[in-house]
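S.K.: The sequence shown lines up with residues 58 to 968 when you count with the working numbering.
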Amino acid sequence: MHFKSLTLEDIRSYDDETVEFSGGENLIFGPNGAGKSTILQGLFGGLFQTNITRKKVNSDFNLDELVRKQADSGRIELTFVVGGEEYTVEWGIEKTYDDEGEVDGAKTKSGYPKLSSPAMEETISGFRAVQSDIQEIVGMDAISFVNSVYVQQGDITRLIHADTETRRGILDGLLGLDRMDELIERADEVRLEYGRAERHAKTRREETQNRLDDLPLIDDLNERIGKLQEEKSELDDQIEDFDDKLDRLKDRKEENEDQLERIEELEAEIEEIEEKLDEARDNRDEYEDDLNEEKSTKAELESELDGVEESLADAREAEAVEDIDLSDSDAAEKEFRRAREESENARSKVQSIEQGEISGIENDLDYVERDIRSVAANIRESWSSIKEAQAEKEEAEKERVEAKERVDALEEELTERRSEIKNLASELGLPTDESLDSLADTHVSEKRKELNERREEVRQTIGQLETLEKQVDQLAESGRCPVCRATEEAHDIDAESVVEEHRTELQDARDELDALDEAKGSLEEFETELNEARDLRDNELENARQAVEDYESEVAEAEGDIEEAQEELRVQSGDLEDKKTDREQKEADLRDAKERLGEAEESVDGAEEVEEAIATVVELFEKVSDLRDDIQRCDENIENFSKLLKQAEDHVDELEEGKEEFEDELGDLDVEELREEISEIDEFISEFKSKLDDAEDQLDEVKEQIVEHRQTKKQVREEKERKSMLDEQVLWAAEHVEEAEELQDAYKTVRGKLRKRNLAKLNKYTNEMFAELYQSQSYRGVQIDKKYNIHLVTPDNELLEPELSSGGESTILNLALRAGVYRIIAEREGVAGAALPPFILDEPTTFLDEDHVGELQTMISTISDWDVPQVLVVSHDEHLIENSDRTIQVEKDPSTETSKIVRPDEASGGA
Numbered sequence: 058m059h060f061k062s063l064t065l066e067d068i069r070s071y072d073d074e075t076v077e078f079s080g081g082e083n084l085i086f087g088p089n090g091a092g093k094s095t096i097l098q099g100l101f102g103g104l105f106q107t108n109i110t111r112k113k114v115n116s117d118f119n120l121d122e123l124v125r126k127q128a129d130s131g132r133i134e135l136t137f138v139v140g141g142e143e144y145t146v147e148w149g150i151e152k153t154y155d156d157e158g159e160v161d162g163a164k165t166k167s168g169y170p171k172l173s174s175p176a177m178e179e180t181i182s183g184f185r186a187v188q189s190d191i192q193e194i195v196g197m198d199a200i201s202f203v204n205s206v207y208v209q210q211g212d213i214t215r216l217i218h219a220d221t222e223t224r225r226g227i228l229d230g231l232l233g234l235d236r237m238d239e240l241i242e243r244a245d246e247v248r249l250e251y252g253r254a255e256r257h258a259k260t261r262r263e264e265t266q267n268r269l270d271d272l273p274l275i276d277d278l279n280e281r282i283g284k285l286q287e288e289k290s291e292l293d294d295q296i297e298d299f300d301d302k303l304d305r306l307k308d309r310k311e312e313n314e315d316q317l318e319r320i321e322e323l324e325a326e327i328e329e330i331e332e333k334l335d336e337a338r339d340n341r342d343e344y345e346d347d348l349n350e351e352k353s354t355k356a357e358l359e360s361e362l363d364g365v366e367e368s369l370a371d372a373r374e375a376e377a378v379e380d381i382d383l384s385d386s387d388a389a390e391k392e393f394r395r396a397r398e399e400s401e402n403a404r405s406k407v408q409s410i411e412q413g414e415i416s417g418i419e420n421d422l423d424y425v426e427r428d429i430r431s432v433a434a435n436i437r438e439s440w441s442s443i444k445e446a447q448a449e450k451e452e453a454e455k456e457r458v459e460a461k462e463r464v465d466a467l468e469e470e471l472t473e474r475r476s477e478i479k480n481l482a483s484e485l486g487l488p489t490d491e492s493l494d495s496l497a498d499t500h501v502s503e504k505r506k507e508l509n510e511r512r513e514e515v516r517q518t519i520g521q522l523e524t525l526e527k528q529v530d531q532l533a534e535s536g537r538c539p540v541c542r543a544t545e546e547a548h549d550i551d552a553e554s555v556v557e558e559h560r561t562e563l564q565d566a567r568d569e570l571d572a573l574d575e576a577k578g579s580l581e582e583f584e585t586e587l588n589e590a591r592d593l594r595d596n597e598l599e600n601a602r603q604a605v606e607d608y609e610s611e612v613a614e615a616e617g618d619i620e621e622a623q624e625e626l627r628v629q630s631g632d633l634e635d636k637k638t639d640r641e642q643k644e645a646d647l648r649d650a651k652e653r654l655g656e657a658e659e660s661v662d663g664a665e666e667v668e669e670a671i672a673t674v675v676e677l678f679e680k681v682s683d684l685r686d687d688i689q690r691c692d693e694n695i696e697n698f699s700k701l702l703k704q705a706e707d708h709v710d711e712l713e714e715g716k717e718e719f720e721d722e723l724g725d726l727d728v729e730e731l732r733e734e735i736s737e738i739d740e741f742i743s744e745f746k747s748k749l750d751d752a753e754d755q756l757d758e759v760k761e762q763i764v765e766h767r768q769t770k771k772q773v774r775e776e777k778e779r780k781s782m783l784d785e786q787v788l789w790a791a792e793h794v795e796e797a798e799e800l801q802d803a804y805k806t807v808r809g810k811l812r813k814r815n816l817a818k819l820n821k822y823t824n825e826m827f828a829e830l831y832q833s834q835s836y837r838g839v840q841i842d843k844k845y846n847i848h849l850v851t852p853d854n855e856l857l858e859p860e861l862s863s864g865g866e867s868t869i870l871n872l873a874l875r876a877g878v879y880r881i882i883a884e885r886e887g888v889a890g891a892a893l894p895p896f897i898l899d900e901p902t903t904f905l906d907e908d909h910v911g912e913l914q915t916m917i918s919t920i921s922d923w924d925v926p927q928v929l930v931v932s933h934d935e936h937l938i939e940n941s942d943r944t945i946q947v948e949k950d951p952s953t954e955t956s957k958i959v960r961p962d963e964a965s966g967g968a
């Protein structure tokens with residue numbers, strides 16, 4: 058199995074990035090906090106989704122923290138290959154919010170996760186379905202993945218420094234033995250549960266027998282129920298007789314109540330007629346009052362008509378209308394319309410002059426005045442623009458001179474730096490005629506690689522010489538070889554000569570290492586000079602040249618602005634003279650219009666005087682006509698009120714006759730007699746109801762006793778059935794307690810065999826890997842006992858605690874141990890070759906010094922030789938980066954807090 062690609066959209070610090078993986082070793086590097094570990098979280102989350110927060114990946118990690126702070130949702134898309142088939146899984150996550158709009162968690166988006174592949178008939182979705190298929194395809198669940206192939210940061214060192222109990226728990230978990238412990242504990246829990254069930258069943262069985270002893274026999278209960286049934290039948294007959302008598306009494310009472318109801322209806326009818334009669338009499342009186350009032354109104358209107366006709370005669374003889382025909386209302390209305398039209402025409406003419414000509418001229422004058430002020434302001438602005446452009450031109454010319462001097466100074470400085478770099482390149486043995494870019498991008502990295510390789514070779518030589526020096530010293534002191542215990546004569550060597558020779562070689566190697574370290578420092582200084590020179594050339598000098606061009610453009614632009622402003626000033630001066638001439642003409646037109654307005658206003662006064670006199674005549678004609686109409690309406694109302702008065706008197710007579718008929722019918726009924734009879738019937742009903750209630754109470758009591766005896770009878774049967782069932786439960790629980798004990802013993806036996814077998818393999822594979830990594834002769838191997846105590850074995854078989862060894866040796870031991878576990882897991886799961894899952898190392902150099910990083914690279918190469926399809930390493934160690942088959946660089950923009958994958962064509966240099 059191997060990963061092919063990973064896409065992160067709004068995940069942690071990633072906006073939208075895709076990481077491509079290749080077979081073999083993939084090293085992910087970048088500074089701390091750049092987003093390297095997020096890629097591993099994305100791989101695990103792509104495979105196992107929400108298990109990312111539950112399966113030991115990060116116990117302090119919340120799902121909502123996986124989504125980018127600035128986003129509401131995120132997406133992970135992972136493509137991986139198993140058995141030659143490609144699979145793609147997508148997982149969408151969205152934040153959830155509380156009522157106040159604050160984030161309170163996150164959840165998988167609807168329709169996610171999704172799993173698709175050309176090898177599958179259709180895409181599947183949903184957490185359980187996708188998890189089930191992925192576990193079947195990959196061959197392991199989330200826990201197995203973490204325990205077998207994912208070496209998290211910190212897991213390496215905690216194996217050695219943990220106490221014995223903790224170490225056993227970790228290794229049992231990694232080797233899968235903690236599952237056996239869970240099964241043993243579960244079997245013990247089952248045994249205890251069955252034991253509790255057995256004791257509980259016995260207790261309940263005893264309680265059931267005690268209850269049976271306290272209950273009566275079923276035959277006695279049947280006899281009691283028979284007697285109660287006979288008593289119930291007698292009570293049913295009594296109740297039926299009482300019901301018949303009550304029904305007859307209720308029928309008689311209902312007849313009397315019907316008669317009482319008729320009496321109440323008649324009384325209500327009489328009362329209603331009396332109300333209507335009062336209302337009819339009131340209406341009759343009201344109509345009579347209205348008739349008298351109308352007659353009085355008519356007399357008043359006739360008197361007012363006489364006065365208005367006299368006023369009309371006076372208005373027709375007024376001076377303003379003495380020559381106008383106003384003989385009747387039609388003639389007066391016609392003359393009024395003509396007079397009003399003449400007034401309107403006169404007023405229109407005044408308005409036309411006042412609001413038309415005069416207003417238009419005044420508006421034109423306002424516009425001309427505004428134009429004059431505007432042109433004057435533009436002239437002032439043009440003068441200001443000319444002065445401002447002249448000042449800008451002088452400033453730009455000054456800045457241009459200074460920028461040119463800056464260019465000359467930087468070109469001189471760059472020439473000096475090139476000369477210095479050429480001298481340094483000569484001292485380091487680098488080409489002196491190459492360009493700055495070629496030296497920085499190619500020759501410096503090659504020189505660094507050459508120095509690092511030679512330094513590694515020299516360090517290994519020093520280690521070997523130091524070991525030989527100790528052995529030769531022991532030979533010189535004891536006279537015997539520390540390896541084979543032979544005498545000095547048997548080897549035919551001069552110990553002192555050999556000592557001196559090895560010391561000379563060791564000192565030469567140390568001197569060479571110092572020289573290489575010094576050369577490395579010089580190379581770093583040279584690289585710094587190169588970068589500064591390139592920065593001077595590409596940034597400072599280029600910016601200075603650009604500044605010269607910018608200031609030259611500013612000078613030319615200022616000259617153009619000056620010419621343009623001067624031309625605009627000439628045009629604006631001509632406009633100002635034209636506007637002043639126009640203003641004089643408009644003022645002359647305004648004086649002429651005001652003279653004509655005075656004449657038109659005199660015509661309006663005469664026309665309005667005639668219009669007002671005729672209007673008075675028309676108004677009086679209308680008033681005469683209205684009064685005559687009102688007198689006619691009074692005549693009509695007098696006639697109508699006379700008719701209504703006659704109808705009201707007829708209605709009063711009719712209602713008085715109806716009242717007499719209802720009073721005659723009511724006189725034949727005796728209300729008191731009916732009420733006395735109803736009272737006697739109520740007494741009989743109350744008596745029979747009391748007897749009926751007593752009989753029903755006795756019947757209910759008998760029924761309750763029957764139900765109680767039947768319930769007791771049912772309880773006796775149930776208790777007998779319960780006791781029989783509990784007898785079976787006691788027997789069943791006892792049998793299962795025995796089975797659980799046997800199962801627990803079997804699990805313990807299997808666990809012992811598995812632990813013994815795994816320990817043998819763990820010792821074997823750990824020692825093989827330790828031998829590959831550890832080249833010194835200080836220890837000949839590793840020993841892990843059955844309690845998972847770990848010791849280093851010295852050449853004389855002495856067991857040494859790992860804590861007493863150096864930091865590098867301790868870390869190498871841990872790495873060898875974890876690699877051994879990985880190999881056991883691979884064999885136990887029955888996987889190999891392309892099916893073997895990737896081996897993942899998160900910051901494995903945390904506790905390694907520089908001298909042991911090369912040994913870690915050896916371990917990675919060895920694991921790759923096991924036919925592992927893919928190894929993923931997260932680190933920022935330069936040695937691992939330089940020697941990795943493939944690197945994936947991660948960077949983070951501090952201004953946006955956004956991580957990205959740096960493609961080879963985007964990298965600024967080096968690995």
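For every residue, glycine included, the Cβ atom is placed at its ideal position computed from N, Cα and C.
What residue range is occupied by the uninterrupted beta strand (DSSP E) comprising Glu-77?
M.R.: Locating residue 77 in the sequence shown gives position 20, counting from the first residue. Per DSSP, Glu-77 belongs to the beta strand (DSSP E) from 71 to 77.
S.K.: Excluding five sequence neighbours on each side, which residues of the same chain lie with their C-beta closer than 8 Å to the C-beta of Leu-467?
M.R.: In the sequence shown, counting from the first residue as 1, residue 467 sits at position 410. So the list reads Leu-593, Glu-597, Leu-598 and Ala-601, once near-sequence residues are dropped.
S.K.: According to DSSP, Phe-896 sits in a beta bridge with which residue or residues?
M.R.: Taking the first residue of the sequence shown as position 1, residue 896 is located at position 839. For Phe-896, which the question treats as bridged, DSSP gives the partners Val-928.
S.K.: With 16 other CB atoms within 10 Å as the buried threshold, where does Ser-290 fall?
M.R.: Position 233 of the sequence shown, counting from 1, holds the residue named residue 290. Under this definition Ser-290 is an exposed residue.
S.K.: Quick one, which of Ala-873, Arg-395, Pro-273 and Arg-812 has its alpha-carbon nearest Lys-844's?
M.R.: The residue labelled residue 844 in the question sits at position 787 within the sequence shown. Looking at the Cα atoms, Arg-812 is the closest of the given residues.
S.K.: In terms of residues, what are the limits of the beta strand (DSSP E) holding Ala-163?
M.R.: Taking the first residue of the sequence shown as position 1, residue 163 is located at position 106. Note, Ala-163: beta strand (DSSP E), 160 to 165.
S.K.: Hey, out of Thr-136, Ala-337, Ser-173 and Glu-239, whose CA is closest to Asp-710's CA?
M.R.: Numbered from its first residue, the sequence shown carries residue 710 at position 653. Nearest C-alpha to Asp-710: Ala-337.
S.K.: CA-CA distance, Glu-526 and Ala-244?
M.R.: The residue given as residue 526 occupies position 469 in the sequence shown. The residue given as residue 244 occupies position 187 in the sequence shown. Taking the straight line joining both Cα atoms gives about 60 Å.
S.K.: From Leu-701 to Tyr-344, what distance separates their C-alpha atoms?
M.R.: As a position in the sequence shown, residue 701 is number 644, starting the count at 1. As a position in the sequence shown, residue 344 is number 287, starting the count at 1. Answer to the nearest angstrom: the Cα atoms are 7 Å apart.
S.K.: Three Cβ pairs or more, each shorter than 8 Å: is that satisfied between the segment 684 to 701 and the segment 352 to 367?
M.R.: The answer is yes - the segment 352 to 367 touches the segment 684 to 701, with three or more Cβ pairs under 8 Å.
S.K.: Skipping 5 residues on each side, what residues in its chain have a beta carbon closer than 8 Å to that of Val-969?
M.R.: The structure shown does not extend to residue 969, since the chain spans only 58 to 968, so no value can be given for it.
S.K.: Count the other CB atoms, across all protein chains shown, that sit within 10 Å of the CB of Arg-622; report buried if there are 16 or more and exposed otherwise.
M.R.: Within the sequence shown, the letter at position 565 stands for residue 622. Residue identity check: residue 622 is Ala in the sequence provided, not Arg. Buried is the call here.
S.K.: When burial is assigned at 16 or more other CB atoms within 10 Å of the CB, is Asn-846 buried or exposed?
M.R.: The residue you call residue 846 lines up with position 789 of the sequence shown. The residue is exposed, with fewer than 16 neighbouring Cβ atoms inside 10 Å.
S.K.: If the criterion is Cβ atoms closer than 8 Å, does the pair Lys-302 and Leu-712 meet it?
M.R.: Residue mapping note: residue 302 aligns to position 245 of the sequence shown, counting from 1. Residue mapping note: residue 712 aligns to position 655 of the sequence shown, counting from 1. No, these two residues do not count as a Cβ contact at 8 Å.
S.K.: Entirely within the segment 795 to 883 and at least 3 residues each: give me those beta strand (DSSP E) ranges in chain order.
M.R.: DSSP runs (the beta strand (DSSP E)) wholly in the segment 795 to 883: 838 to 841 and 847 to 850.
S.K.: Where in the segment 179 to 208 do unbroken runs of the alpha helix (DSSP H), each at least 4 residues long, occur, reported from the N-terminal end onward?
M.R.: 184 to 195 and 199 to 205, all fully within the segment 179 to 208.
S.K.: Taking the C-alpha atoms as reference points, what is the distance between Glu-438 and Lys-455?
M.R.: Taking the sequence shown and counting its residues from 1, the one referred to as residue 438 is at position 381. Taking the sequence shown and counting its residues from 1, the one referred to as residue 455 is at position 398. The straight-line gap from Cα to Cα measures roughly 26 Å.
S.K.: Can you give me the C-alpha to C-alpha distance between Lys-643 and Asp-421, rounded to a whole angstrom?
M.R.: The residue you call residue 643 lines up with position 586 of the sequence shown. The residue you call residue 421 lines up with position 364 of the sequence shown. One C-alpha to the other measures close to 7 Å.
S.K.: Excluding the 5 residues flanking Leu-508 on each side, which residues of the same chain have their C-beta closer than 7 Å to its C-beta?
M.R.: Translated into the one-based positions of the sequence shown, residue 508 becomes position 451. Same-chain partners within the cutoff: Leu-573, Ala-576, Lys-577 and Leu-580.
S.K.: If you drop the 5 nearest sequence neighbours on each side, which residues of the same chain put their C-beta closer than 6 Å to that of Ala-891?
M.R.: Counting from one through the sequence shown, the residue named residue 891 turns up at place 834. Only weak support is given to the placement of Ala-891: the predicted model assigns it a pLDDT of 47, under 50, and the value that follows is read from those uncertain coordinates. Closer than 6 Å at Cβ, skipping near neighbours: Pro-926.
S.K.: Expressed to the nearest angstrom, what Euclidean distance is found between the alpha-carbon atoms of Lys-307 and Lys-780?
M.R.: Along the sequence shown, one-based indexing puts residue 307 at 250. Along the sequence shown, one-based indexing puts residue 780 at 723. So the two alpha carbons sit approximately 58 Å from each other.
S.K.: Below 8 Å between beta carbons: does that hold for Phe-60 and Phe-86?
M.R.: The residue you call residue 60 lines up with position 3 of the sequence shown. The residue you call residue 86 lines up with position 29 of the sequence shown. Contact flag unset, no.
S.K.: What residue range is occupied by the uninterrupted alpha helix (DSSP H) comprising Gly-936?
M.R.: For this step, residue 936 is matched to residue 879 along the sequence shown. Rather than Gly, the amino acid found at residue 936 in this sequence is His. Segment 935 to 940, the alpha helix (DSSP H) holding His-936.
S.K.: Tell me whether the beta-carbon of Ile-296 lies closer than 8 Å to the beta-carbon of Leu-756.
M.R.: Numbered from its first residue, the sequence shown carries residue 296 at position 239. Numbered from its first residue, the sequence shown carries residue 756 at position 699. Result yes, Cβ atoms of Ile-296 and Leu-756 sit closer than 8 Å.
S.K.: In chain order, what residues of the same chain lie with their CB nearer than 7 Å to the CB of Ala-433, ignoring the 5 residues before and after it?
M.R.: Within the sequence shown, residue 433 is the residue found at index 376, counting from 1. Only Leu-633 meet the Cβ criterion.
S.K.: Closest to Arg-975 by C-alpha separation, out of Gly-230, Phe-101 and Asp-784, would be which residue?
M.R.: Since the first residue of the chain shown is 58 and the last is 968, residue 975 is not available in this structure.
S.K.: Helix, strand or coil: how does DSSP classify Tyr-169 here?
M.R.: On the sequence shown, residue 169 is found 112 positions in, with the first residue counted as 1. It is coil, neither helix nor strand.
S.K.: Going by beta-carbon coordinates alone, are Thr-489 and Ala-482 separated by less than 8 Å?
M.R.: Position 432 of the sequence shown holds residue 489. Position 425 of the sequence shown holds residue 482. Yes; because the gap between Cβ atoms is below 8 Å, this pair is in contact.
S.K.: Tell me which residues share the same chain as Val-206 and place their Cβ nearer than 7 Å to its Cβ, disregarding the 5 neighbours each side in the sequence.
M.R.: Translated into positions along the sequence shown, residue 206 becomes position 149. Taken in chain order, the residues that qualify are Tyr-879, Pro-894, Pro-895, Phe-896 and Ile-897.
S.K.: Any idea what DSSP makes of Ile-920, helix, strand or coil?
M.R.: Taking the sequence shown and counting its residues from 1, one reaches residue 920 at position 863. Three-state result, Ile-920: helix.
S.K.: Can you check whether the CB of Thr-95 is closer than 8 Å to the CB of Ser-70?
M.R.: Residue mapping note: residue 70 aligns to position 13 of the sequence shown, counting from 1. Residue mapping note: residue 95 aligns to position 38 of the sequence shown, counting from 1. Yes, the Cβ-Cβ distance between Ser-70 and Thr-95 is below 8 Å.
S.K.: Quickly, what does DSSP pair Gly-131 with across the bridge? List them, please.
M.R.: Here residue 131 is taken as the residue at index 74 of the sequence shown, counted from 1. BP columns for Gly-131 point to Ile-150.
S.K.: Taking one C-beta from the segment 356 to 368 and one from the segment 644 to 653 each time, how about it: are there three or more such pairs within less than 8 Å?
M.R.: Cβ pair count under 8 Å is below three, so no.
S.K.: Using the beta-carbon count (16 or more within 10 Å), is Ala-176 buried or exposed?
M.R.: Counted from its first residue, the sequence shown places residue 176 at position 119. Classification of Ala-176: exposed, given that the 10 Å Cβ count is below 16.
S.K.: Would Tyr-251 and Ala-797 qualify as a contact pair, given that the criterion is a beta-carbon distance under 8 Å?
M.R.: Translated into positions along the sequence shown, residue 251 becomes position 194. Translated into positions along the sequence shown, residue 797 becomes position 740. Going by C-beta atoms, Tyr-251 is nearer than 8 Å to Ala-797.
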